[in-house]
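Residue numbers (my numbering), protein chains in the order written: chain U, 304 to 742; chain V, 234 to 829.
Note that CB positions come from ideal geometry on N, CA and C, so glycine has one too.
For reference, the structure discussed in these notes is given below.
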């Protein structure tokens, strides 16, 4: 007990508490109700969020007091139980925002998918820490795929696209644990080429009086880069090492040049005016629809933009404010709008810094673990936090598609706050135990 | 199997995380600080403004009588989609219509649920307070100010003009105006639009996502339009309009010492609300502003000008005797005019006919044509110096200048043939190709009253807080020696008072009236009855022109009408009730059916 408390990484804990506190104040501003002016009022979201914060701390303390190795030993049961909850929610769950993802208890709700992230992280950690397991081995890969894709299938049935997207975090973890980096690289390359083709498709480049589709320019630029890399390899590599990277380069070049026309072709297959097509076009910046599908993002960007450098002051927002309600979901998924409008670029920058510090701190903690179980788990939650942060902030700033996932510790939502707290407390517990191995 | 370490991959992951962080920081910096786009979008999204219409300036007559004012009024608008459940009976009561009518009307409006539509054009004044009190819970309904312009006395519509909603063309040309704004369309309302309208203000509001106004951000108060004091005399105007009832024509009365227009009547008159007249008046273009837009031959009132010009040139002298040769031109029976004043008193046509010939012969030239040309050029210049056929700069839009014949006109008419004074000598008696407006005739009376000068006639009266354009205070002289004017005034007095004078019906007890009749020939029908006068003879207070279409001899109708107006203005009573009754009851409207 004594050692556990002594060895807690207080910086991480403090960062989380600061974020959650800032979150409560942002929620208070964005959903303030004159009839319930107290921030502790349990009738309002801010009071509830504080209550959930309290519950989280209690549960966190319990986690810290658990027997060493309790978590590791019970991982398989936890994973199984959460899978069971996911099945159950499909049958008796409550539908909110089109997804059957909630167990409703009065006005409080629990979302099992939130806890599934923890369960998968633990399960993955357990699997990879087993002896005689290598990520380069096929049977290990199949087992890992099973651990990750079983819950993904169940969540897709709800359907809750946002949470599924967060599971992409595990690619980073697996990469760290030895998965071939090429998958990551090719994946990123493919997405970048496809997106740039779609963005450049409608535009034209004019050169010396000739006008031609910008897609040709894109292809031309990619080829130029390939030639440059080719030259680099030829100059700086010993002859006998050249073969492999040159084949790879040629492969990537051909794939890229094929992706350009095919992505455009398939995109154009979607009929003009189709809802999904419009969503993609809005995200790519090819279309604005402030009255229709683009309403949310238009309102969000307006609120953020109006914050300017220094913001309008706390509770002084004129868009993302309880009085004006110009931003939809402004206390949950779009909570960043309130921060950005009231605290301006300075506030946004501080928020980004806090999140990045937390994530990097977690990665550094993970790296200092001697036990594979702890390292994989802490890496997993760092990457989950990172994906939540990246998707949520990218969404409200208009550079990622509108996918409703909360900003960790900030967005109003009891089960989200509780799940993230448990995640962190488990990490703190594992970290605190790292020295025990020597006793 | 040797365990492989992938520790260096930590750095790759950290780079990815930091890269996303940096992209986010720059994106945020772009949205909030660098690009103004979203800041502007935010203003569009969160703010809305409501204009405050300035109240239009009032218009007064010279004695402070109100001629134009704004009657407050409210109209109710509704956007059907925004409404929630409401009590139709209560609302119908408040806007003063029956429940069933209201329901039927509202049903029609729901066909365009998204548009804001008018549901009541005139909310009863007594209900506005109560309506305002319930409006906060009637979502989608909006009470709007629509003050009406009222002209309480119903006089001088041609002078005051009227206002209407601006049309698209005007909005394109004048960016101040927005749809549904009101703008002066004619008369003083148009000429002094900028002064009368004031400047609109606006309230900037913050609104919520549902369009409800929440907070005032800024207020820019409206600047009310300035009031105008006109030179009109409301009583005299009303009396003149009364006299002109059942007559077609115009009356213009001016104060000679200032050029202030006291009265300007165009008959028939019209109603500013619907631009219509009574049933008889409808036949005679009621909105046509005869004093300014009608161009008539002046008839015999021109003879004083002709006489003065001939005198100035030396073609005749004051005591020149010219025989009344009726073979030249028709005349009535009168003693031979042995002087210019007598010729004016008798209105002798041959006298002035021949004076034009004398002028031509006075000129040097090889042919009669050449001499006539020189005489006409001189004549044209002199006539225009009397303000005839020229721009009198009156401060009401859309006036005509008339036209005074010149050599070019006759060259064109006779296509190079050698015309001479004999072919155009009817211009010497105000007939033929000469056309002038009744305003110019009244101005002519001013010139005789002032003994040789005039001010541009105008409607704006100088007061403590109202300056008038300096053009209206400048003195304009004629091209004729001032010394010759007194004898014209004497002659005009004789026209009214002397034995054989043509305007004896214009005589007023106790006031010396100087006048001149005219009977303008009208090829389309009965002659027009014309009279100009000023009174009293010394320091005249009023100069007047009366032009009654198709009424015949000038002395019969125009002269007594003018005298009644003069008497009313100078003494405020009418002694000769019989004369008044005769004019009031006269119906001089040409009966078109009888002609057929």
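Helix, strand or coil for residue i, going by three-state DSSP, please let me know.
| i | result |
| --- | --- |
| residue 581(V) | coil |
| residue 508(V) | coil |
| residue 251(V) | helix |
| residue 569(U) | helix |
| residue 545(U) | helix |
| residue 399(U) | strand |
| residue 727(V) | helix |
| residue 732(U) | helix |
| residue 483(U) | coil |
| residue 545(V) | helix |
| residue 494(U) | helix |
| residue 632(V) | coil |
| residue 423(U) | helix |
| residue 327(V) | helix |
| residue 652(V) | coil |
| residue 828(V) | Caution applies to residue 828(V), whose pLDDT of 44 falls short of 50 and renders its modelled position unreliable; the model cannot decide the point. |
| residue 640(U) | helix |
| residue 561(U) | helix |
| residue 510(U) | strand |
Using the beta-carbon of each residue, which ones in chain V are nearer than 8 Å to residue i?
| i | result |
| --- | --- |
| residue 479(U) | 239, 242, 243 and 246 |
| residue 557(U) | Here the premise fails: no neighbours, minimum Cβ distance about 25 Å. |
| residue 659(U) | 250, 251 and 254 |
| residue 475(U) | 246 and 249 |
What are the boundary residues of the alpha helix (DSSP H) that includes residue i?
| i | result |
| --- | --- |
| residue 533(U) | 517–539 |
| residue 695(U) | 675–699 |
| residue 620(U) | No alpha helix (DSSP H) contains residue 620(U), which DSSP labels as neither H nor E. |
| residue 581(U) | 578–586 |
| residue 479(U) | 472–479 |
| residue 738(U) | From DSSP, residue 738(U) is part of no alpha helix (DSSP H); its letter is neither H nor E. |
| residue 445(U) | 441–459 |
| residue 706(V) | Here residue 706(V) belongs to no alpha helix (DSSP H), and DSSP marks it neither H nor E. |
| residue 302(V) | Looking at the DSSP string, residue 302(V) is not in any alpha helix (DSSP H); the run it does join, the beta strand (DSSP E), is 299–304. |
| residue 289(U) | In the structure as shown, chain U starts at 304 and stops at 742, and residue 289(U) therefore has no counterpart that could be examined. |
| residue 333(V) | 332–342 |
Give the residues of chain U in contact with residue i, contact being defined as C-beta atoms less than 7 Å apart.
| i | result |
| --- | --- |
| residue 272(V) | 608, 609 and 611 |
| residue 495(V) | Within 7 Å Cβ-Cβ: nothing; residue 495(V) doesn't reach chain U, min ~59 Å. |
In the DSSP assignment, the beta strand (DSSP E) including residue i goes from what residue to what residue?
| i | result |
| --- | --- |
| residue 378(V) | 374–378 |
| residue 309(V) | 307–311 |
| residue 241(V) | That residue, residue 241(V), is in no beta strand (DSSP E); it is neither H nor E in DSSP. |
| residue 767(V) | 761–768 |
| residue 350(V) | 350–353 |
Residues of chain V with CB under 9 Å from residue i, in chain order?
| i | result |
| --- | --- |
| residue 522(U) | The contacting residues do not exist; residue 522(U) stays about 25 Å from chain V at best. |
| residue 604(U) | 264, 270, 271, 274 and 275 |
At 8 Å on the CB atoms, spell out the chain U contacts of residue i, in chain order.
| i | result |
| --- | --- |
| residue 265(V) | 607, 608, 610, 611, 612, 643, 647, 648 and 651 |
Using a Cβ cut-off of 7 Å, pull out every chain V residue sitting near residue i, in sequence order please.
| i | result |
| --- | --- |
| residue 655(U) | 254, 257 and 258 |
So residue i contacts chain U; which residues on that side make the cut at Cβ distance below 9 Å?
| i | result |
| --- | --- |
| residue 278(V) | 593, 601, 602, 605, 606, 609, 622 and 629 |
| residue 294(V) | Per Cβ cutoff of 9 Å: no residues; residue 294(V) is ~52 Å from chain U at best. |
| residue 672(V) | The contacting residues do not exist; residue 672(V) stays about 58 Å from chain U at best. |
Would you say the beta carbon of residue i comes nearer than 8 Å to a heavy atom of the ligand PLP?
| i | result |
| --- | --- |
| residue 305(V) | With respect to the ligand PLP, the structure shown offers nothing to examine, as it has no ligands at all. |
Checklist line | chain U contacts made by the region 447–468 of chain V, where a contact means CB separation under 9 Å | finding: Going along the region 447–468 of chain V in chain order, one finds 447, 448 and 450 with a Cβ nearer than 9 Å to chain U.
Checklist line | Residue ranges of each beta strand (DSSP E) within the region 440–526 of chain V, 3 or longer | finding: Whole beta strand (DSSP E) segments, 3+ residues: 446–453, 482–488 and 493–500.
Next item on the list: Ignoring anything shorter than 4 residues or poking outside the region 366–437 of chain V, list the alpha helix (DSSP H) runs there in chain order.
Entry: Counting only runs of 4+ residues, the alpha helix (DSSP H) found wholly inside the region 366–437 of chain V occupies 390–393, 401–406, 420–424 and 426–430, in chain order.
Next item on the list: Could you run through the region 685–705 of chain U and flag, in chain order, every residue whose CB is less than 9 Å away from some CB of chain V?
Entry: For chain V, the residues of the region 685–705 of chain U that bring a beta carbon within less than 9 Å of one of its beta carbons are 685, 686, 689, 692, 693, 696, 697, 700, 701 and 702, in chain order.
Next item on the list: Return the residues of the region 614–634 of chain U that lie within a Cβ-Cβ distance of less than 7 Å from chain V, sorted by chain order.
Entry: For chain V, the residues of the region 614–634 of chain U that bring a beta carbon within less than 7 Å of one of its beta carbons are 621, 622, 626, 627, 628 and 629, in chain order.
Next item on the list: For the region 454–465 of chain U, enumerate the residues whose C-beta is nearer than 8 Å to any C-beta of chain V, in chain order.
Entry: From the region 454–465 of chain U, no residue has a Cβ closer than 8 Å to chain V.
Margin query: Short of 7 Å Cβ to Cβ, which residues in the region 661–672 of chain U face chain V?
Written below: Listed by position, the residues of the region 661–672 of chain U near chain V (Cβ gap below 7 Å) are 662, 663, 666 and 670.
Note to self: I'd like the ranges of any beta strand (DSSP E) spanning at least 3 consecutive residues and lying wholly in the region 660–700 of chain V.
What the structure shows: With a minimum length of 3 residues, no continuous beta strand (DSSP E) run stays inside the region 660–700 of chain V.
Margin query: For a minimum of 4 consecutive residues, which ranges assigned as the alpha helix (DSSP H) are wholly contained in the region 592–626 of chain V?
Written below: Annotation note: the region 592–626 of chain V contains the following uninterrupted alpha helix (DSSP H) runs of length 4 or greater, listed N- to C-terminal: 601–617.
Next item on the list: Anything in the region 431–445 of chain V with a Cβ closer than 7 Å to a Cβ of chain U? List those residues in chain order, please.
Entry: Listed by position, the residues of the region 431–445 of chain V near chain U (Cβ gap below 7 Å) are 439, 441 and 442.
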